[in-house]
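Trainee:
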Amino acid sequence: ETMAPVKVFGPAMSTNVARVLVCLEEVGAEYEVVDIDFKAMEHKSPEHPFGQIPAFQDGDLLLFESRAIARYVLRKYKKNEVDLLREGDLKEAAMVDVWTEVDAHTYNPAISPIVYECLINPLMRGLPTNQTVVDESLEKLKKVLEVYEARLSKHDYLAGDFVSFADLNHFPYTFYFMATPHAALFDSYPHVKAWWERIMARPAVKKLAAQMVPKKP
Amino acid sequence: MAPAVKVYGWAMSPFVARALLCLEEAGVDYELVPMSREAGDHRQPDFLARNPFGQVPVLEDGDLTIFESRAVARHVLRNHKPELLGSGSPESAAMVDVWLEVEAHQHQTPAGTIVMQCILTPFLGCKRDQAAIDENAAKLTKLFDVYEARLSASRYLAGDSLSLADLSHFPLMRYFMDTEYASLVEERPHVKAWWEELKVRPAAKRVTEFMPPNFGFGKTAEK
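Protein sequence lines correspond, in order, to chains P and G.
Just so you know, the first sequence maps onto residues 1 to 217 in full-length UniProt numbering.
Just so you know, the second sequence maps onto residues 1 to 223 in full-length UniProt numbering.
Structure representation (structure tokens):
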């Protein structure tokens with residue numbers, strides 16, 4: 001049975017689009033990226049009521065919310081060799097879910113303001129960096145990285161000794177963080193740094209990273 | 001025999017209540033291990049050994065320790081009531097995930113801010129931040145317009161069957177509906193009907209017993 005390519009709407013440089021694309025690359029799916037004029041909100045419709053990117057289409061199925069799209073992709077293209085959700089094993093699936101939630105609700109809120117203030121605001125919006133926000137976020141991020149350091153001292157990856165959706169979720173914003181002046185923060189957390197280097201060494205991740213290189217001023 | 005499943009936390013927390021709601025819906029026997037926020041139980045070493053981020057709830061199921069309420073919810077339902085995760089097909093599972101993400105990323109912060117500002121600030125001795133309330137009420141207005149359209153087209157958020165996407169809204173909305181901003185729901189007939197149906201589910205009524213309107217602060221607010 002041939003599977004028609006799925007479509008992802010939005011530019012690869014967008015962190016949430018990249019979240020979906022890295023999963024598609026990991027599972028070896030055929031896909032098409034349709035860049036859209038986000039400002040025109042041309043994709044806002046009953047099926048995409050929030051007009052967000054990424055949006056996703058697989059035949060008649062229309063999805064939004066990057067983590068939901070990613071989960072669908074990882075289930076659809078799951079093979080024995082590529083099982084990034086581990087939903088067949090209660091314990092492994094639970095650990096994938098835990099660290100996916102940690103990324104969404106704890107890691108991301110600490111790291112993303114630094115990316116916005118140091119990269120996105122100056123480069124894409126012509127806004128100055130709010131150093132107070134950066135400093136407060138760095139303090140929060142340090143506390144989070146202490147926990148990650150302890151976790152990654154016990155396991156190679158967040159959910160256990162297997163790479164998973166939980167690790168991949170960290171890729172887009174961490175990639176951009178490494179392009180800010182604060183990248184060296186990870187040097188203080190050697191197991192975290194080693195984990196990050198393992199992620200960046202993955203072929204799927206390298207392919208996305210090449211499409212996401214921010215333009216330097 | 002003591003239940004195999006334990007939940008650690010204070011049940012008036014909407015996050016703890018999310019976990020308890022799923023256990024109740026699944027009919028799973030569990031023990032709630034009470035903790036005191038005031039006493040700082042969540043910062044003690046024995047709790048940090050369970051959740052290094054020091055947050056409630058934590059669920060222990062045999063030798064499995066799980067934190068983050070939506071991860072707890074997924075585990076409980078995956079194990080006991082997978083239909084509430086849309087397990088019947090990849091498409092239905094995807095729709096449950098979509099609307100669960102909407103709950104987490106678009107509903108939680110604005111509704112939570114309004115609950116914090118309108119209900120909790122008096123107990124914490126703080127003044128209401130009306131600007132924050134207004135900003136979040138505007139966001140919720142737009143969000144509930146989307147919900148109204150969605151619930152006019154399908155019976156529940158993810159489709160024609162109840163799912164975690166609906167249930168996940170219940171705990172925070174239990175408090176939100178006690179604020180004057182409940183009108184945002186009352187004014188939208190499909191959202192209102194959806195809420196009214198959630199509210200009377202036996203599992204919802206059961207967890208509401210643990211969620212007093214004053215968050216358990218009681219008379220101390222008058223100080």
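Every residue, glycine too, gets a C-beta built ideally from N, C-alpha and C.
Work out the CA separation of P122 of chain P and P34 of chain G for me, nearest whole Å.
Mentor: Distance between the alpha carbons of P34 of chain G and P122 of chain P is about 48 Å.
Trainee: Anything in chain G within Cβ reach of E101 of chain P, meaning under 7 Å, just list it in chain order.
Mentor: E68, R70, A71
Trainee: Which whole-angstrom value is the C-beta distance of V96 of chain P and F171 of chain P, which I expect to be below 8 Å?
Mentor: Not confirmed; about 15 Å, so no contact.
Trainee: By a C-beta neighbour count over all protein chains shown, 10 Å radius and 16 as the cutoff for buried, is S153 of chain P buried or exposed?
Mentor: exposed
Trainee: With H, G and I counted as helix, E and B as strand and the rest as coil, what does DSSP make of H170 of chain P?
Mentor: coil
Trainee: Of the choices G:S152, G:L64, G:P202, G:L198, whose alpha-carbon is the least far from that of L172 of chain G?
Mentor: G:L198
Trainee: Closer than 7 Å, Cβ to Cβ, to anything on chain P: give me those residues from the segment 33-61 of chain G, in chain order.
Mentor: Cβ contacts with chain P: P52, F53.
Trainee: In this structure, what does DSSP give as the bridge partners for residue 235 of chain P?
Mentor: Since the first and last residues shown for chain P are 1 and 217, residue 235 of chain P lies out of range.
Trainee: Under 8 Å between C-beta atoms, does A158 of chain G make it to chain P?
Mentor: So no, A158 of chain G is outside the interface.
Trainee: Classify M12 of chain G: buried if its beta carbon has 16 or more other beta carbons within 10 angstroms, exposed otherwise.
Mentor: buried
Trainee: Do the segment 100-107 of chain G and the segment 43-57 of chain G touch if we need at least three Cβ pairs shorter than 8 Å?
Mentor: Counting C-beta pairs closer than 8 Å gives fewer than three between the segment 100-107 of chain G and the segment 43-57 of chain G, which falls short of the contact rule.
Trainee: Buried or exposed: A39 of chain G, going by 16 or more other Cβ atoms within 10 Å of its Cβ?
Mentor: exposed
Trainee: Strictly by DSSP, which residues pair up with H75 of chain G?
Mentor: Paired residue(s): none; H75 of chain G is not in a bridge.
Trainee: For Y8 of chain G, does the three-state DSSP call read helix, strand or coil?
Mentor: DSSP, read as helix, strand or coil, puts Y8 of chain G in strand.
Trainee: Give the single residue among P:A70, P:V6, P:P5 whose Cα lies nearest to the Cα of A18 of chain P.
Mentor: P:A70
Trainee: Any idea what DSSP makes of L123 of chain P, helix, strand or coil?
Mentor: The three-state secondary structure of L123 of chain P, taken from DSSP, is helix.
Trainee: Per DSSP, F67 of chain G forms a beta bridge with which residues?
Mentor: G:V58
Trainee: With DSSP run on the structure shown, which of helix, strand or coil describes E109 of chain P?
Mentor: Checking the sequence, you will find Pro at residue 109 of chain P rather than Glu. In the three-state reduction of the DSSP assignment, P109 of chain P falls in the helix class, which pools H, G and I.
Trainee: Does H169 of chain G get closer than 8 Å to chain P when you measure Cβ to Cβ?
Mentor: no
Trainee: List the endpoints of the continuous beta strand (DSSP E) containing L84 of chain P.
Mentor: Where L84 of chain P is concerned, there is no enclosing beta strand (DSSP E), given that its DSSP letter is neither H nor E.
Trainee: Decide yes or no for the touch test of the segment 115-133 of chain G against the segment 195-212 of chain G: beta carbon pairs closer than 8 Å, at least 3 of them.
Mentor: no
Trainee: Determine whether the Cβ of R86 of chain P lies closer than 8 Å to any Cβ atom of chain G.
Mentor: no
Trainee: Within the continuous beta strand (DSSP E) that includes P34 of chain G, where are the two ends?
Mentor: Judged by DSSP secondary structure, P34 of chain G falls within the beta strand (DSSP E) whose first and last residues are 30-34.
Trainee: Under the DSSP definition of a beta bridge, which residues are partnered with Y156 of chain G?
Mentor: For Y156 of chain G, which the question treats as bridged, DSSP gives no partner whatsoever.
Trainee: Name the chain G residues that come within less than 8 Å of P172 of chain P, Cβ to Cβ?
Mentor: Simply none; closest approach about 15 Å.
Trainee: How is the alpha helix (DSSP H) around Y148 of chain P delimited, first residue to last?
Mentor: 131-154
Trainee: Round the Cβ separation of A19 of chain G and L59 of chain G to the nearest angstrom and send it over; I've been treating them as touching at under 8 Å.
Mentor: The C-beta separation of A19 of chain G from L59 of chain G comes to about 6 Å, placing the pair in contact by the 8 Å criterion.
Trainee: With distance defined between alpha-carbon atoms, name the residue in G:S87, G:R70, G:Y175, G:C22 nearest to M116 of chain G.
Mentor: G:Y175
Trainee: Going by DSSP, what residue range makes up the alpha helix (DSSP H) through E32 of chain P?
Mentor: Unbroken run through E32 of chain P is the beta strand (DSSP E), 31-34; no alpha helix (DSSP H).
Trainee: Can you tell me which of G:V76, G:T109, G:F215, G:Y181 puts its alpha carbon nearest to the alpha carbon of E122 of chain G?
Mentor: The residue you asked about is not Glu; residue 122 of chain G is Pro in the sequence shown. When only C-alpha atoms are compared, the closest one is G:F215.
Trainee: Grab me the residues of F53 of chain G's own chain with a C-beta within less than 8 Å of its C-beta, minus the 5 sequence neighbours each way, in chain order.
Mentor: F67
Trainee: Which two residues bound the contiguous alpha helix (DSSP H) that contains I114 of chain G?
Mentor: 108-115
Trainee: Cα-Cα, which of G:L167, G:D97, G:L23, G:S69 is closest to P3 of chain G?
Mentor: G:L23
Trainee: Hey, out of P:Q211, P:L84, P:C118, P:S66, whose CA is closest to P128 of chain P's CA?
Mentor: P:C118
Trainee: So is T132 of chain P buried or exposed if we call it buried at 16+ other beta carbons inside 10 Å?
Mentor: exposed
Trainee: According to DSSP, simplified to helix, strand and coil, what is H105 of chain G?
Mentor: helix
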